[in-house]
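Notes follow the structure.
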Ligand code: NAD
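Numbering (full-length UniProt numbering), first residue to last: 6 to 488.
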């Protein structure tokens, strides 16, 4: 179903994110027939480019980041007719009058702030001062949303000076993933899971977001941030909320976000013993080539920033008291794999004896690769060998259902941008949610800084530091394999 006609201005339209995600995503939606012909995309950045130059850049990014089977010369050409460019200076006066003339008042207006957060305030102010944005306009802001509670509050206040909360779309692209939304469908559209979805039946939950890459070219930024700020405070926290929240009374933006907020507020402070931080050492790549250490990558031999973190988190409410949530994320790990695993408890009494192959039921929600869900259930091993149990996966992987290799699953960014145009905030973070997440994160970080803790080294290509394994072993549990 096509969305309403719109003008989408991408501030930072020549940047890395625009080229890799936003522009290819918009092309895909155009190809899918979701973008009406009256839609316009206006790249706005500092570069000296004319419209043709920008269209060439967009064409290149489609060439580079859209799979070949989706590239159709005629469609690309027609898409490019919808693309425009304006040279604009977020901190100065250049370009703003032109933008004011260009923007149509009778279509949806969206402004994507794909620039450094230090420019958000300048953009918000100028959009307002030049009469470009109105009460219906939407702004989209990228991560990081603040560095701590104080800066997040300041950022919220800056945006709130010119925009109502209902106009602000804070992106967390994890929420745009098909599986994450499917998780809500599975939880709230089936009677099967809800009665079991609590501390009486769930032994524990594991959330893993593992990357194989190091900090790459983002070293300087990353070293100021670390895994806790870069991943846990936002992405892992959002995943935890969707697993732990109470059923919202309706699938409505504020109803969903109210429930997520309650979860964040119920998070307990984390004890120092329940956190393991790590930093990757130098090592060898799969082909034997030497790879630099984290310290080399960020060019800071004294850095105490973590490129890995594992933690045991508790939620103090009736539903979850007694069920730990183990979170883990890191760089240069064994595989690129993100998974939420809900591990159920043992049966109260085994009628089959002790050692008949019994394993706990696990609902595994896989975000990448191969988005999908599986529920492991125990059955009898087929054949005449007596009553031996075996585990089989009930596969809810929908890539196959949706088309070869999941190619037809829209990328998170595509979906989220279309949600902005539709005016649906359900999958975007509300200001109070972000602040509550920082309010929980800040004292944890302050704790390890005050103690002067150093992250433990770990080998590239491993599952993180040994101590991270202990976090579960001492509770009689084990991490699921990263693969
Ligand atoms: P980038 O450095 O590649 O691009 C920055 C863009 O901002 C360029 O188009 C540049 O022309 C423009 N710009 C800079 N100063 C300007 C000014 N004064 N006036 C107007 N335009 C100006 O950055 P990026 O990697 O594309 O990241 C953009 C935003 O997205 C950042 O907030 C970043 O944290 C966030 N983000 C990026 C990624 C990613 O993968 N690149 C992922 C998540 C979040």
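Positions of the beta carbon are idealized from the N, C-alpha and C atoms, including for glycine.
Give me the Cβ distance between residue i and residue j, rounded to the nearest whole Å; I'm assuming they're in contact under 8 angstroms.
{"i": "residue 373", "j": "residue 341", "result": "7 angstroms"}
{"i": "residue 114", "j": "residue 446", "result": "Their Cβ separation, rounded to whole angstroms, is 34 angstroms, which puts residue 114 and residue 446 out of contact at 8 angstroms."}
{"i": "residue 243", "j": "residue 160", "result": "That belief does not hold up - the Cβ atoms of residue 243 and residue 160 are roughly 18 angstroms apart, past 8 angstroms."}
{"i": "residue 174", "j": "residue 433", "result": "5 angstroms"}
{"i": "residue 59", "j": "residue 90", "result": "3 angstroms"}
{"i": "residue 485", "j": "residue 344", "result": "7 angstroms"}
{"i": "residue 157", "j": "residue 327", "result": "Not confirmed; about 31 angstroms, so no contact."}
{"i": "residue 393", "j": "residue 358", "result": "Not really, about 10 angstroms apart at Cβ, beyond 8 angstroms."}
{"i": "residue 417", "j": "residue 182", "result": "5 angstroms"}
{"i": "residue 334", "j": "residue 189", "result": "So it is not a contact: roughly 22 angstroms between Cβ atoms."}
{"i": "residue 421", "j": "residue 67", "result": "Going by Cβ atoms, the distance from residue 421 to residue 67 rounds to 19 angstroms, so no, they are not a contact pair."}
{"i": "residue 2", "j": "residue 119", "result": "A query on residue 2 cannot be resolved here, the shown segment of the chain reaching from 6 to 488 and no further."}
Looking only at DSSP bridge pairs, what is residue i linked to?
{"i": "residue 15", "result": "48 and 117"}
{"i": "residue 209", "result": "348"}
{"i": "residue 313", "result": "283 and 335"}
{"i": "residue 296", "result": "288"}
{"i": "residue 398", "result": "381"}
{"i": "residue 330", "result": "210 and 318"}
{"i": "residue 173", "result": "144"}
{"i": "residue 178", "result": "Paired residues: none, contrary to the question."}
{"i": "residue 371", "result": "344 and 377"}
{"i": "residue 88", "result": "46"}
{"i": "residue 434", "result": "175"}
{"i": "residue 272", "result": "320"}
{"i": "residue 215", "result": "335 and 342"}
{"i": "residue 462", "result": "284"}
{"i": "residue 467", "result": "338"}
Flag this pair as yes or no: are the beta carbons of residue i and residue j separated by less than 9 angstroms?
{"i": "residue 383", "j": "residue 395", "result": "yes"}
{"i": "residue 14", "j": "residue 117", "result": "yes"}
{"i": "residue 330", "j": "residue 210", "result": "yes"}
{"i": "residue 281", "j": "residue 316", "result": "yes"}
{"i": "residue 100", "j": "residue 108", "result": "no"}
{"i": "residue 34", "j": "residue 419", "result": "yes"}
{"i": "residue 184", "j": "residue 378", "result": "yes"}
{"i": "residue 464", "j": "residue 299", "result": "no"}
{"i": "residue 273", "j": "residue 207", "result": "no"}
{"i": "residue 11", "j": "residue 146", "result": "no"}
{"i": "residue 429", "j": "residue 258", "result": "yes"}
{"i": "residue 436", "j": "residue 164", "result": "yes"}
{"i": "residue 462", "j": "residue 283", "result": "yes"}
{"i": "residue 178", "j": "residue 26", "result": "yes"}
{"i": "residue 303", "j": "residue 220", "result": "yes"}
{"i": "residue 277", "j": "residue 458", "result": "yes"}
{"i": "residue 201", "j": "residue 332", "result": "no"}
{"i": "residue 399", "j": "residue 279", "result": "no"}
{"i": "residue 228", "j": "residue 308", "result": "yes"}
{"i": "residue 172", "j": "residue 196", "result": "no"}
{"i": "residue 29", "j": "residue 71", "result": "yes"}
{"i": "residue 169", "j": "residue 140", "result": "yes"}
{"i": "residue 24", "j": "residue 69", "result": "yes"}
Give me, in chain order, the residues of the same chain whose beta-carbon lies closer than 8 angstroms to that of residue i; leave out the 5 immediate sequence neighbours on both sides.
{"i": "residue 167", "result": "129, 130, 132, 133 and 138"}
{"i": "residue 230", "result": "149, 152 and 310"}
{"i": "residue 96", "result": "124 and 127"}
{"i": "residue 37", "result": "415"}
{"i": "residue 306", "result": "300"}
{"i": "residue 85", "result": "60, 63 and 64"}
{"i": "residue 105", "result": "135, 136 and 137"}
Leaving out five residues before and five after residue i in sequence, what residues of the same chain have Cβ atoms less than 7 angstroms from its Cβ?
{"i": "residue 438", "result": "262, 265, 266 and 269"}
{"i": "residue 487", "result": "213, 215, 338, 339, 340, 342 and 468"}
{"i": "residue 450", "result": "233"}
{"i": "residue 154", "result": "440, 443, 444 and 447"}
{"i": "residue 240", "result": "177, 179 and 214"}
Whose C-beta lies closer than 6 angstroms to the C-beta of residue i among residues of the same chain, with five residues either side of it excluded?
{"i": "residue 256", "result": "none"}
{"i": "residue 88", "result": "46, 60 and 63"}
{"i": "residue 19", "result": "50 and 52"}
{"i": "residue 321", "result": "271 and 273"}
{"i": "residue 250", "result": "264, 265 and 268"}
{"i": "residue 473", "result": "281 and 315"}
{"i": "residue 409", "result": "Low per-residue confidence applies at residue 409: pLDDT is 44, beneath 50, and the placement is therefore not dependable enough to give any value."}
{"i": "residue 43", "result": "10"}
{"i": "residue 83", "result": "none"}
{"i": "residue 193", "result": "252"}
{"i": "residue 453", "result": "none"}
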